[in-house]
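J.: First the structure, which I've put down as structure tokens, then a few questions once you've had a look.
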Amino acid sequence: MNLTTRIRIDAPDVSAGVTGRSLWQDARTRFFRNRASVASLLALLLVGLFAVAAPWLSIWSYQAIDWTVLGNVQAAGSPSFTTGHWFGTDELGRDLFVRTAMGARVSLMVGIIGALIAVVVGTLYGTVAGYFGGRIDSVMMRIVDILMSIPYMFVLILMLVVFGRSIILLFVAIGLVSWLDMARIVRGQTLNIRNLEFVENAVIMGVSPAAVILRHIIPNLLGIAIVYATLLVPNMIIYESFISFLGLGVQEPDTSLGALISGGASQMQYGTLWQLAFPLFFFIVTLSGFFFLGDGLRDALDPKDSGR
Amino acid sequence: MSLLQVRNLEVTFATGDGPVHAVNGVSFDVECGEILAITGESGSGKSQTAFSIMGLLPHQATASGSVKFDGREILTMREPELAGIRAAEISIVFQNPMTSLNPYMRISEQMTEVLMLHENLSKRAALDQSIRMLDAVQIPDARQRIGMFPHEFSGGMRQRIMIAMSLLCRPRILIADEPTTALDVTVQSRIVDLLKDIRDQFGTTIILITHDLGLVAGMSDRIMVMYGGQIMEYGPTDAIIETPAHPYTSALLDTILRLDDDSSQRGELRVIDGEPPDMRSLPAGCPFQPRCPARLPECAGHRPLLRATGKRKRACHIDFPSASP
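So the sequences go chain by chain: A and B. Residue numbers 159 to 466, in this note's numbering, belong to the letters of the first sequence in order. Residue numbers 8 to 332, in this note's numbering, belong to the letters of the second sequence in order.
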């Protein structure tokens, strides 16, 4: 008697199960239970909000020079509420609050666009290579190998010299590199999933390759692709910062976090530390935010990890 | 004419170590509405025989001989035509219900995918038919549960869903490739009962591949015992179980665990001595001869042919008293 009642309690609630809970929904629940990942998501949202909203909050524009500060940055350009330069000014007397926001916007854009290209191009390329296998796979992956072996910084510098510095070229350069690793990872996953019985079943039933890839293979590797993409965003930001640090990235008066940090670092000896501190703070918050987010997503998307 | 005619089927795998002969000259007929059990040890060629029937061999394998389904030759058929046959006429249930369903798709989506592709049904009609089929395989509350995801079902239920999926287009032959191997014993017998029900209800011909003779004893109409890619014995289930006419069949029957048996109460399991043959270089004579307890001198010399006595066929040089009808 005892046993039967217990079984009845343990049985799933059928009336509530009309729609069923997908693995994605389970993952969402697990994600929001993880405090670090929720905090990082929140921090990233705040950085994003700051990047978008800051220009409207300040009376200064990102390229206007405050002539009262110019020449006396160390004394007059420090962070202050009275002048309206909440984060101080840079060495030319431009408002750092607005410039940091602009830098964050460019860096986030570079990171997210790079990751998006990686997810879209890399996933499609990798699944096609892995799904069809054989000679198609070999040719496609050798192309990836060749592209990977080209020293990108060199190509990028050449491109920037030939075509002139522009932010679009920067996106092109980052897009060209970012999908290569993703294509490899996705191809490896596809090879695994390709041999699972539900894929085989769909194939032998005559479902078209496009439908098999889109409906059966991609959803099953999307978890890995998304996690890898979140880890890729900081890499892209660092990549862009490095290019900007070299003076090859975005063009003045536009800016990015990397360019701001570079500028701030070069002014350190004059005692204007805020020029380094504020961009660096947002840089670190953004990077660690994405790293923790990726970590949290990886835990959440691993169904075997649901025990906690 | 039989629904399925297999004549002199040979399947050879090209491997790095040379050709492997998985199936060696197998011939049999499957009648409409019967349940045929193909049994034998791992590597006896039973799965490859069944895969050839569906035109499902991997690309390093070549098949020769003839497999005729309803008068149409399967082995030379082109891929688009095969895909149509696989969906609508011959379908298969795989061994592992855990990897047979896409974890990210609702049961409803997976079931309607095939119906909408091959029967041109509307989404609504496909869903209705899927629910009816889930009812038929005794999934409780099918209408509600069809919206759920695979991980919300138990292994036995998933195997039922797989069976329902394979029956959706009302195939004439259902091949079940070790459908119960990944399940526990109590669930196994219910799946077997279900298969029998399906035959009675829909008239589906079932080819059941299993290494568990005990499981098929109660449900199949005929048994085909394979060893080394050849048919050892073939005939009505009752006759073969009661009076096995081949040393390999009786050895297989001996390995079935019985609670009323003395030896198993002493904690001993009966096994067949020796190893299954190396399929790259089969012995010249009978493939079972190195392990056979009753072998004769001529067994090593030439391969016994499959000979019919009454309804039964067997390939053995030894005269079994029970072999005569």
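Even for Gly, the Cβ is constructed at its ideal location relative to N, Cα and C.
Between E364 of chain A and chain B, is any beta-carbon pair separated by less than 7 Å?
T.: One-based indexing of the first sequence puts residue 364 of chain A at position 206. Per the sequence shown, residue 364 of chain A should be read as Gly rather than Glu. Answer yes: the Cβ-Cβ gap between G364 of chain A and chain B drops below 7 Å somewhere.
J.: If you draw a straight line from the C-alpha of G23 of chain B to the C-alpha of V30 of chain B, how long is it?
T.: Position 16 of the second sequence, counted from the first residue, corresponds to residue 23 of chain B. Position 23 of the second sequence, counted from the first residue, corresponds to residue 30 of chain B. Roughly 18 Å between the two C-alpha positions.
J.: Specify the secondary structure class of N393 of chain A as computed by DSSP and reduced to three states.
T.: For the purposes of this step, residue 393 of chain A is taken as residue 235 along the first sequence, with counting starting at 1. It is helical.
J.: Tell me whether P243 of chain B sits in a helix, a strand or coil according to DSSP, three-state version.
T.: Taking the second sequence and counting its residues from 1, the one referred to as residue 243 of chain B is at position 236. DSSP places P243 of chain B in strand when its eight states are reduced to three.
J.: For the segment 149-160 of chain B, enumerate the residues whose C-beta is nearer than 7 Å to any C-beta of chain A, in chain order.
T.: The segment 149-160 of chain B vs chain A, Cβ under 7 Å: Q151, R152, G154, M155, F156, H158 and E159.
J.: Is K53 of chain B helix, strand or coil when you go by DSSP?
T.: Against the second sequence, residue 53 of chain B aligns to sequence position 46. It is helical.
J.: What separation, rounded to the nearest whole angstrom, lies between the Cα atoms of S399 of chain A and M306 of chain A?
T.: Locating residue 399 of chain A in the first sequence gives position 241, counting from the first residue. Locating residue 306 of chain A in the first sequence gives position 148, counting from the first residue. One C-alpha to the other measures close to 21 Å.
J.: At a CB-CB cut-off below 7 Å, which residues of chain A make contact with S107 of chain B?
T.: Taking the first residue of the second sequence as position 1, residue 107 of chain B is located at position 100. The answer, in chain order, is E355, F356 and N359.
J.: Establish whether the CB of R93 of chain B and some CB of chain A are separated by less than 7 Å.
T.: What you label residue 93 of chain B is simply residue 86 of the second sequence in a count that begins at 1. So yes, R93 of chain B belongs to the interface.
J.: Taking its Cβ as the centre, do 16 or more other Cβ atoms sit within 10 Å of A387 of chain A, making it buried, or is it exposed?
T.: Translated into positions along the first sequence, residue 387 of chain A becomes position 229. By the neighbour-count rule (16 or more Cβ atoms within 10 Å), A387 of chain A is buried.
J.: Taking 7 Å as the threshold (beta carbon to beta carbon), is V121 of chain B in contact with chain A?
T.: Within the second sequence, residue 121 of chain B is the residue found at index 114, counting from 1. Answer yes: the Cβ-Cβ gap between V121 of chain B and chain A drops below 7 Å somewhere.
J.: Within 7 Å (strictly less), CB to CB, does L16 of chain B reach chain A?
T.: By one-based count along the second sequence, residue 16 of chain B stands at place 9. Chain A, which has no Cβ nearer than 7 Å to the Cβ of L16 of chain B, makes this no.
J.: Suppose you measure from the CA of D36 of chain B to the CA of A68 of chain B; what does that come to, to the nearest Å?
T.: As a working mapping, residue 36 of chain B is identified with position 29 in the second sequence. As a working mapping, residue 68 of chain B is identified with position 61 in the second sequence. Whole-angstrom Cα-Cα distance: 23 Å.
J.: Assign N127 of chain B to one of three DSSP states: helix, strand, or coil.
T.: Residue 127 of chain B sits at position 120 when you count from the first residue of the second sequence. If DSSP states are grouped into helix, strand and coil, N127 of chain B belongs with coil.
J.: So, helix, strand or coil for I60 of chain B, using DSSP?
T.: Taking the second sequence and counting its residues from 1, the one referred to as residue 60 of chain B is at position 53. Three-state DSSP puts I60 of chain B in a helix.
J.: So what's N31 of chain B in DSSP terms, helix, strand or just coil?
T.: For this step, residue 31 of chain B is matched to residue 24 along the second sequence. Correct three-state label for N31 of chain B: strand.
J.: Say whether chain B places a C-beta atom closer than 7 Å to the C-beta of H374 of chain A.
T.: Against the first sequence, residue 374 of chain A aligns to sequence position 216. For H374 of chain A, the answer is yes, since a Cβ of chain B falls inside 7 Å of its Cβ.
J.: Spell out the partners DSSP gives D184 of chain B in its beta bridges.
T.: Residue mapping note: residue 184 of chain B aligns to position 177 of the second sequence, counting from 1. BP columns for D184 of chain B point to B:I216.
J.: Quick check: the Cα distance between R191 of chain A and L459 of chain A, rounded to an integer number of angstroms?
T.: Counted from its first residue, the first sequence places residue 191 of chain A at position 33. Counted from its first residue, the first sequence places residue 459 of chain A at position 301. Cα to Cα, R191 of chain A sits roughly 13 Å from L459 of chain A.
J.: Kindly give me the distance between the Cβ atoms of P283 of chain B and E48 of chain B, rounded to whole angstroms, as I take these residues to be in contact under 8 Å.
T.: For the purposes of this step, residue 283 of chain B is taken as the residue at position 276 of the second sequence. For the purposes of this step, residue 48 of chain B is taken as the residue at position 41 of the second sequence. Contact holds; Cβ gap of about 5 Å.
J.: So for D453 of chain A, helix, strand or coil by DSSP?
T.: The sequence position of residue 453 of chain A within the first sequence is 295, counting from 1. In the structure shown, D453 of chain A sits in a helix (DSSP, three-state: H, G or I).
J.: Which residues share a DSSP beta bridge with A21 of chain B?
T.: Residue mapping note: residue 21 of chain B aligns to position 14 of the second sequence, counting from 1. A21 of chain B is bridged to B:P26.
J.: Is it true that the segment 142-155 of chain B meets the segment 75-94 of chain B, where meeting means three or more beta-carbon pairs spaced less than 8 Å apart?
T.: No: the two stretches stay apart, fewer than three of their Cβ pairs being nearer than 8 Å.
J.: For chain C, is any of its Cβ atoms less than 7 Å away from the one on F76 of chain B?
T.: Annotation note: the requested chain C is absent from the structure, which comprises protein chains A and B.
J.: Excluding the 5 residues preceding and the 5 following G452 of chain A in the sequence, name in chain order all residues of the same chain whose CB lies nearer than 7 Å to its CB.
T.: Here the question's residue 452 of chain A lines up with position 294 in the first sequence. Taken in chain order, the residues that qualify are V385, T388 and L389.
J.: Among the residues of its own chain, which have a CB less than 6 Å from the CB of I371 of chain A, if the five just before and after it don't count?
T.: Position 213 of the first sequence, counted from the first residue, corresponds to residue 371 of chain A. Same-chain partners within the cutoff: T285 and Y289.
J.: Using the DSSP secondary-structure output, state which residues sit across from V37 of chain B in a beta bridge.
T.: For this step, residue 37 of chain B is matched to residue 30 along the second sequence. Answer is B:L11.
J.: Out of B:R302, B:D204, B:V223 and B:V74, point me to the one whose CA is closest to D245 of chain B's CA.
T.: Taking the second sequence and counting its residues from 1, the one referred to as residue 245 of chain B is at position 238. Of the candidates B:R302, B:D204, B:V223 and B:V74, the one whose C-alpha sits nearest the C-alpha of D245 of chain B is B:V223.
J.: CA-CA distance, L64 of chain B and S34 of chain B?
T.: Locating residue 64 of chain B in the second sequence gives position 57, counting from the first residue. Locating residue 34 of chain B in the second sequence gives position 27, counting from the first residue. If you take the alpha carbons of L64 of chain B and S34 of chain B, they lie about 18 Å apart.
J.: Counting only beta-carbon separations shorter than 7 Å, does Y241 of chain B have a partner in chain A?
T.: Locating residue 241 of chain B in the second sequence gives position 234, counting from the first residue. Judged by the 7 Å Cβ criterion, Y241 of chain B is not in contact with chain A.
J.: Listing by chain order, which chain A residues have their CB less than 8 Å from the CB of L63 of chain B?
T.: Here residue 63 of chain B refers to the residue found at position 56 of the second sequence. The answer, in chain order, is I362.
J.: Suppose you measure from the CA of P297 of chain B to the CA of G236 of chain B; what does that come to, to the nearest Å?
T.: Here the question's residue 297 of chain B lines up with position 290 in the second sequence. Here the question's residue 236 of chain B lines up with position 229 in the second sequence. Rounded to whole angstroms, P297 of chain B to G236 of chain B spans 15 Å at the Cα level.
J.: Please tell me whether A262 of chain A and A211 of chain A are closer than 7 Å, where the distance is taken between their beta carbons.
T.: As a working note, residue 262 of chain A is residue 104 in the first sequence. As a working note, residue 211 of chain A is residue 53 in the first sequence. No. Outside cutoff.
J.: What are the start and end residues of the beta strand (DSSP E) that includes Y234 of chain B?
T.: For the purposes of this step, residue 234 of chain B is taken as the residue at position 227 of the second sequence. Y234 of chain B -> beta strand (DSSP E) spans R229 to Y234.
J.: Could you tell me whether the Cβ of F58 of chain B comes closer than 7 Å to any Cβ of chain A?
T.: The residue given as residue 58 of chain B occupies position 51 in the second sequence. No, because no Cβ of chain A sits closer than 7 Å to the Cβ of F58 of chain B.
J.: Is the beta carbon of I216 of chain B less than 7 Å from the beta carbon of D184 of chain B?
T.: Position 209 of the second sequence, counted from the first residue, corresponds to residue 216 of chain B. Position 177 of the second sequence, counted from the first residue, corresponds to residue 184 of chain B. Yes, the Cβ-Cβ distance between I216 of chain B and D184 of chain B is below 7 Å.
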